[in-house]
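If you're matching positions, the sequence shown starts at 1385 in our numbering and goes up one per residue.
In this text, a Cβ means the ideal position worked out from N, Cα and C, and glycines have one as well.
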Amino acid sequence: MTASDFGTLQIAPSILSADFGDLSGAIGLVHDQIEWLHIDVMDGHFVPNITIGPPVVKSLRTHSDLFFDCHLMISEPWRYLEDFKKAGADSCTFHVEVGQTEESIKRARELGLRVGLSLNPDKSFNLVEPFLDKIDVLLVMSVFPGFGGQSFIPDVLTTVEQARAVVERDGLHLDIEIDGGIDATTAPQAVAAGANVLVAGNAIFGQPDPAAALRALTSSIEPR
Ligand code: DX5
Ligand code: ZN
1385 MTASDFGTLQ IAPSILSADF GDLSGAIGLV HDQIEWLHID VMDGHFVPNI
1435 TIGPPVVKSL RTHSDLFFDC HLMISEPWRY LEDFKKAGAD SCTFHVEVGQ
1485 TEESIKRARE LGLRVGLSLN PDKSFNLVEP FLDKIDVLLV MSVFPGFGGQ
1535 SFIPDVLTTV EQARAVVERD GLHLDIEIDG GIDATTAPQA VAAGANVLVA
1585 GNAIFGQPDP AAALRALTSS IEPR
């Protein structure tokens, strides 16, 4: 359960597009290529879909020592941070849209979690800027959260650029993660804008050979 130093360029496969009946099998296909695994938690309230909760995270933890990057697309994340920590989450990312951001950051810190803050594609960078020196990960949504396999919204690259500029200016230890519609075409655009953690679901687990798809995606962002 280790995480690389901040700023390491990497791909975090999202199990949202994997076979939910064989999640540990799906993870096994890619685990030797990755450090982070992206786990999408949805409550049917903040987003119109329901997925994974702490019991599934707990079960996965017995099968994997990857860094569990839990993306909480839920309305009251502060109520569940402890449950996710106990289940084996390494990082919990919650959305700025749900409010109580300061309190959730404090709670996650107390629990020893790595702390992430996310914003939807239609939200201004100004909403998250005041928190950048208090968190470990900024997760920029490049689709509206709720479902895998949607098309990348290029406007959010501006948000990524703004975040990267603040990180450079202030010397922050912050990962800039992007999530939604990442494939071999959009991944290099995200990296050029300043993202260093790229979430990809459909481009990996939606493909016939996830291991080969991840290798292809990785090579799309390797320096030439
Ligand atoms: C969307 C989730 C994403 C999703 C990305 O609400 O937060 O993590 O799995 O899936 P793709 O890569 O298929 O857009
Ligand atoms: Zn996600």
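Pocket of the ligand ZN (residues with CB nearer than 5 Å to any heavy atom), chain order: Spelled out in chain order, the answer is Asp-1424, His-1455, Asp-1563.
So, helix, strand or coil for Asp-1517, using DSSP? Here Asp-1517 sits in coil by DSSP.
Taking only three categories from DSSP, how would you classify Phe-1528? Correct three-state label for Phe-1528: coil.
Close-in-space but distant-in-sequence residues of the same chain around Thr-1392 (CB under 6 Å, 5 per side omitted): Counting only residues of its own chain and dropping the five nearest sequence neighbours on each side, Thr-1392 has no CB closer than 6 Å to any other CB.
Around the Cβ of Ile-1434, are there at least 16 other Cβ atoms within 10 angstroms (buried) or fewer (exposed)? The residue in question, Ile-1434, is exposed, as its Cβ has fewer than 16 Cβ neighbours within 10 Å.
Ala-1571 versus Pro-1397: straight-line alpha-carbon distance, rounded: Cα to Cα, the separation comes out at about 13 Å.
What first and last residue would you give for the beta strand (DSSP E) that runs through Leu-1501? First-last of the beta strand (DSSP E) with Leu-1501: 1498–1503.
If distances are taken between C-alpha atoms only, which option among Asp-1559, Leu-1497, Phe-1515, Leu-1465 comes closest to Glu-1486? Nearest C-alpha to Glu-1486: Phe-1515.
Check whether the region 1445–1453 touches the region 1490–1497, counting contact only when three or more Cβ pairs, one atom from each stretch, lie closer than 8 Å. Counting Cβ pairs under 8 Å, fewer than three are found: no touch.
What whole-angstrom Cβ distance do Ile-1560 and Val-1544 have, given they're in contact under 8 Å? That belief holds up - the Cβ atoms of Ile-1560 and Val-1544 are roughly 6 Å apart, short of 8 Å.
Taking the alpha helix (DSSP H) that Ile-1489 falls in, what are its first and last residues? Residues 1485–1494.
Which residues does DSSP pair with Trp-1420 in a beta bridge? DSSP lists Phe-1451 as the bridge partner or partners of Trp-1420.
Answer yes or no: the CB of His-1447 versus the heavy atoms of the ligand DX5, is any distance below 7 Å? The beta carbon of His-1447 sits no closer than 7 Å to any heavy atom of the ligand DX5.
Residues sharing a beta bridge with Ile-1560, DSSP: Ile-1560 has Leu-1522 as its beta-bridge partners, per DSSP.
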